[in-house]
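Engineer: Sharing a structure, written as structure tokens. Questions coming.
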Amino acid sequence: AVLLANLMYKVINSFKANFNRVCYWCDSTIALSWIKSEPTTFQIFVANRINEIHRLSDRSHWYHVRSGDNPADIISRGLSPEMILENKFWWEGPPWLADTSYTLQKVTKLNELPEVKKGFKISAFVGVNAKHEFQILEKYSSLIKLQRVVAYVLRFLQNTSTHKGEKLSGELTNKEINNAMRKLIVLVQGQYFSQALEQIKTSKTLSKTSKILTLNPFIDTNGILRVGGRLSKSLLHSDHKHPIILPSNCTFTNLIIDFEHKRNMHSGVEGTLALIRTRFWPIHGRSTVKKVIHKCVKCARFRYISETPFMGDLPHERVQPTRPFLHTAVDYAGPFLIKDGKTRNRKIVKAYLCLFLCFATKAVHLEVASDLSTSAFLNAFKRFVGRRGICRSLYSDNGTNFVGANRELKQVIQLLSDNEFSDFFKLNSIEWKFIPSRSPHFGGFYEAAIKSAKSIMKRIVGNAHLTFEQLTTVFVQIESVLNSRPITPISSDPNDLLALTPGHFLIGDVLNCIPQEHVIDTPENRLNHYERLNQMFQQFWKRWTSEYTHTLQARGKWNKQRPDIKIGAMVLLKGESTPPLLWPLGRVVELHPGSDKVTRVVTVKTGSGLVKRAVAKLCILPINEE
1 AVLLANLMYK VINSFKANFN RVCYWCDSTI ALSWIKSEPT TFQIFVANRI NEIHRLSDRS
61 HWYHVRSGDN PADIISRGLS PEMILENKFW WEGPPWLADT SYTLQKVTKL NELPEVKKGF
121 KISAFVGVNA KHEFQILEKY SSLIKLQRVV AYVLRFLQNT STHKGEKLSG ELTNKEINNA
181 MRKLIVLVQG QYFSQALEQI KTSKTLSKTS KILTLNPFID TNGILRVGGR LSKSLLHSDH
241 KHPIILPSNC TFTNLIIDFE HKRNMHSGVE GTLALIRTRF WPIHGRSTVK KVIHKCVKCA
301 RFRYISETPF MGDLPHERVQ PTRPFLHTAV DYAGPFLIKD GKTRNRKIVK AYLCLFLCFA
361 TKAVHLEVAS DLSTSAFLNA FKRFVGRRGI CRSLYSDNGT NFVGANRELK QVIQLLSDNE
421 FSDFFKLNSI EWKFIPSRSP HFGGFYEAAI KSAKSIMKRI VGNAHLTFEQ LTTVFVQIES
481 VLNSRPITPI SSDPNDLLAL TPGHFLIGDV LNCIPQEHVI DTPENRLNHY ERLNQMFQQF
541 WKRWTSEYTH TLQARGKWNK QRPDIKIGAM VLLKGESTPP LLWPLGRVVE LHPGSDKVTR
601 VVTVKTGSGL VKRAVAKLCI LPINEE
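Under UniProt numbering, the sequence shown is numbered contiguously, ending at residue 626.
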């Protein structure tokens with residue numbers, strides 16, 4: 001019947017002419033009786049289809065036809081295509097159909113019809129599909145707002161059935177809001193615990209597979225499912241003794257948890273759950289509360305858990321044999337207070353440590369800079385090149401990394417953008433590369449060298465004020481110590497070779513080793529110095545390949561694959577010296593994946609513009625996680 005109504009509706013609307021008479025034929029007396037009746041008296045399945053038929057057609061235009069006179073029955077009985085083409089009954093229908101004097105048979109409604117509702121009772125939520133119910137619940141993110149909306153709907157329904165003078169108006173009363181809450185609870189329980197409610201109403205016992213069997217549930221006078229429990233003889237409040245049972249994976253339950261969490265000043269999982277259980281009993285309460293609190297944006301600001309993308313592979317500069325300092329990292333440390341001159345009234349000035357670190361051998365070169373000017377850095381860099389050779393690439397922190405530590409180091413930003421500075425590097429074919437802003441872990445290995453140098457400096461010098469010459473001497477000695485550190489594991493076997501150090505690649509031995517045997521009088525044909533020197537350095541690189549590189553294999557941290565951050569994610573930009581409440585809010589607008597397709601750097605749009613940040617320096621807020 002629904003199919004016929006739809007087809008006729010399309011046929012009628014496809015013609016511009018007006019029809020004087022439209023007839024719908026059906027051989028089912030039950031279906032015709034349904035069509036002639038009101039849909040509200042039937043179960044949902046039948047009622048929805050009757051509503052559809054009434055919307056598409058007039059119920060008075062439906063008539064009964066005997067099965068023998070119904071051409072549609074031919075197909076159901078089986079008929080070949082060739083027989084259909086020659087079947088006049090299929091194409092023209094019964095003979096009386098074209099007879100204008102034929103009297104149409106009236107449909108007689110049956111007294112007993114299937115799918116009729118039993119004990120029909122008017123309710124505010126009768127006839128609402130369960131799918132639509134949860135669409136309504138999911139429209140609101142606040143329990144208070146949801147309660148007020150439902151309360152106003154119930155007031156409207158009540159006013160439609162009362163006299164004008166008795167209609168309710170004005171602000172909602174506590175009674176109306178509480179009534180709305182009860183209706184919502186009954187609605188949600190009816191959806192999630194329908195089987196348990198039916199079993200309790202009929203047999204008073206639950207099946208052994210029921211999730212709420214251990215709670216000994218019962219239905220109160222308002223039709224609400226409550227915990228029976230074992231506290232009936234206690235002096236607690238009735239809501240506390242018999243809390244209302246709520247499903248675990250439900251929007252309504254999440255709204256209640258969120259409301260209690262905020263009302264209790266953003267308490268933790270245990271505190272929020274304890275407060276909720278004074279009135280409600282959510283299934284899997286602890287895990288459900290934990291999920292809701294995890295999505296609280298205010299709490300997320302104080303958790304400030306950064307994303308830790310999978311640790312990337314080492315760059316080729318660190319794992320391929322090259323001469324020392326061909327690929328170099330540079331970093332600043334300081335300021336250090338020194339004496340200006342040797343006179344009695346000499347003043348105290350500032351000096352800075354400029355550290356150069358070899359990517360391949362981890363060899364260190366330290367220079368002292370008198371200030372943070374371009375000329376001071378270029379002079380330090382020229383001294384480095386004069387003793388270590390020209391480098392092909394130079395890596396450093398982005399200038400903004402220095403802002404948080406010392407106000408004086410802000411000048412590094414101007415240093416890196418100076419025209420004289422960039423012209424010098426272009427002339428010498430040196431490529432300058434920056435790591436992302438505020439991401440020192442991208443240069444962790446030279447940050448560790450800075451830390452080691454400063455640690456030795458503090459232990460040796462303490463609070464003493466050295467002269468420029470003395471400070472230079474101390475830094476050279478620290479450089480010797482750092483270049484004598486082993487980069488391969490130290491063996492306990494006395495027969496094994498000494499551990500490999502950066503000094504082996506610089507001078508062929510440990511920098512602070514004892515003097516070697518005097519060989520100046522040894523015949524040249526026995527010493528073969530040049531070949532011996534080459535062989536010695538080749539042995540160092542062979543040991544570097546076999547003993548050192550394998551120590552770089554393991555990922556000590558960030559060793560789990562995690563889903564990449566997505567464009568549009570709301571994030572907090574972590575600050576080094578500011579509290580979490582003052583961290584700027586931003587939205588990810590661009591991803592910068594690495595060669596392994598893992599995103600470790602993104603562009604974030606903030607209130608002050610676009611900035612590049614490492615993902616590890618962002619805190620993703622739990623907004624629109626679904």
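Cβ atoms here follow ideal geometry from the backbone N, Cα and C, with glycine treated the same way.
1. Apart from the five residues on each side of it in sequence, which residues of its chain come closer than 7 Å, Cβ to Cβ, to Ile185?
2. Note down the Cα distance separating Leu409 from Ser608, rounded to an integer number of angstroms.
3. If you compare alpha carbons, which of Lys201, Phe193, Lys204, Ile200 is closest to Lys211?
4. For the alpha helix (DSSP H) that contains Glu270, what are its first and last residues?
5. Anyone know if the C-beta pair for Ala475 and Val368 falls short of 7 Å?
6. Please name the residue in Ala464, Glu270, Thr501, Leu471 whose C-alpha comes closest to that of Lys362.
7. Ends of the alpha helix (DSSP H) at Phe336?
8. Taking the alpha-carbon positions, what's the Ile456 to Glu479 distance?
9. Determine, using beta-carbon pairs with one atom in the segment 245-260 and one in the segment 317-331, whether at least three such pairs fall under 8 Å.
10. Between Val188, Lys183, Leu187, Asp220, which has its C-alpha nearest Ile200's C-alpha?
11. Return the first residue and the last residue of the beta strand (DSSP E) that Leu572 is part of.
12. Look at Ala449 and Leu357 and say whether their C-beta atoms are less than 7 Å apart.
13. How close, in whole Å, do the beta carbons of Ala329 and Ser396 come, if the pair is a contact with beta carbons under 8 Å?
14. I need the straight-line Cα distance from Arg301 to Lys295, nearest angstrom please.
15. Going by C-alpha to C-alpha distance, which of Arg459, Glu138, Ala180, Arg323 sits closest to Asn254?
16. Helix or strand or just coil, what does DSSP make of Ala196?
17. Which of helix, strand or coil does DSSP assign to Phe356?
18. For Tyr9, count the other beta carbons within 10 Å of its own beta carbon; 16 or more makes it buried, fewer makes it exposed. Which is it?
19. How do the segment 47-61 and the segment 81-92 stand: do at least 3 beta-carbon pairs fall below 8 Å, yes or no?
20. In or out: Trp91 buried (at least 16 other Cβ within 10 Å) or exposed?
21. Look at His64 and Leu97 and say whether their C-beta atoms are less than 7 Å apart.
22. In this structure, what does DSSP give as the bridge partners for Pro593?
23. Short check: CB of Ile338 to CB of Val289, under 7 Å?
24. Along the chain, where does the beta strand (DSSP E) that runs through Ala614 open and close?
25. Since Ile620 and Leu591 are thought to touch, with beta carbons under 8 Å apart, how far apart are those beta carbons, to the nearest angstrom?
26. Relative to the C-alpha of Gly575, which residue among Ala614, Lys36, Tyr140 is closest?
27. Where does Thr272 land, buried or exposed, given buried means 16+ other C-beta within 10 angstroms?
28. Put Ile244 into one of helix, strand or coil per three-state DSSP.
29. Can the beta-carbon of Ala333 be found closer than 7 Å to that of Lys433?
30. So, at 6 Å on beta carbons, what are the nonlocal neighbours of Pro486 in its own chain, with the 5 sequence-adjacent residues on each side left out?
31. Please identify the residue among Val269, Arg279, Leu275 whose C-alpha is closest to the C-alpha of Ser238.
32. Provide the residue span of the alpha helix (DSSP H) that contains Ala31, from first to last.
Structural biologist: In short, the structure shows the following:
1. Ile224, Ile244
2. Reliability of the predicted coordinates at Leu409 is poor, the pLDDT of 39 falling under 50, and no value is obtained from them.
3. Phe193
4. 269-276
5. Before going further, note that residue 475 is Phe rather than Ala in the sequence given. Result yes, Cβ atoms of Phe475 and Val368 sit closer than 7 Å.
6. Thr501
7. No alpha helix (DSSP H) contains Phe336, which is instead part of the beta strand (DSSP E) from 327-339.
8. 10 Å
9. no
10. Asp220
11. 570-573
12. yes
13. 7 Å
14. 11 Å
15. Glu138
16. helix
17. strand
18. exposed
19. no
20. exposed
21. no
22. Thr599
23. no
24. 609-614
25. No, Ile620 and Leu591 are not in contact; Cβ-Cβ is about 13 Å, not under 8 Å.
26. Ala614
27. buried
28. strand
29. no
30. Ala499, Thr501
31. Arg279
32. 29-36
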